[in-house]
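To keep things clear, I will list the structure first and then write my remarks on it.
Numbering (the working numbering), first residue to last: 533 to 686.
Next comes the structure, spelled out in structure tokens:
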């Protein structure tokens, strides 16, 4: 094992401190001037660093995150199920009304047929039993007819 890696070895090392060398500012083209409306010039902030340098710039407003969309109190699936139930009830109600309408229509048609049969039957009966003059045919007059032992004697 190397003596530097042992936990009880006290080895002193020299500490080196590196100071960064600042680069001179590069020649930068001036930024385009944006026209600013009067009374809307933002405030300029200056900060004094510990080494005495002063940094001046415009104050930047903190970025506000987008508001989180509030979740609905009821899930969409629950709303869809409820709407489906309402639609089903509406259809069932319509089917009940349709069934009632068909039953009423059937009863009405049955009554019309019965009325027509009564009227037509009455007309036939009047035609058969009318006492108006004969319109042809054979008339048989039976006088003194007798029945003896189920035989007809005329």
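Quick reminder that beta carbons are idealized off the backbone N, C-alpha and C, glycines included.
- For residue 578, the beta-bridge partners assigned by DSSP are 588.
- With contacts defined as CB atoms closer than 8 Å, residue 589 and residue 577 qualify as a contacting pair.
- In the same chain as residue 632, and ignoring 5 residues on each side of it, no C-beta atom comes closer than 8 Å to its own.
- Where residue 553 is concerned, there is no enclosing alpha helix (DSSP H), because DSSP gives it neither an H nor an E.
- In this structure, the alpha-carbon of residue 638 lies about 11 Å from that of residue 645.
- For residue 651, the enclosing alpha helix (DSSP H) starts and ends at 608-661.
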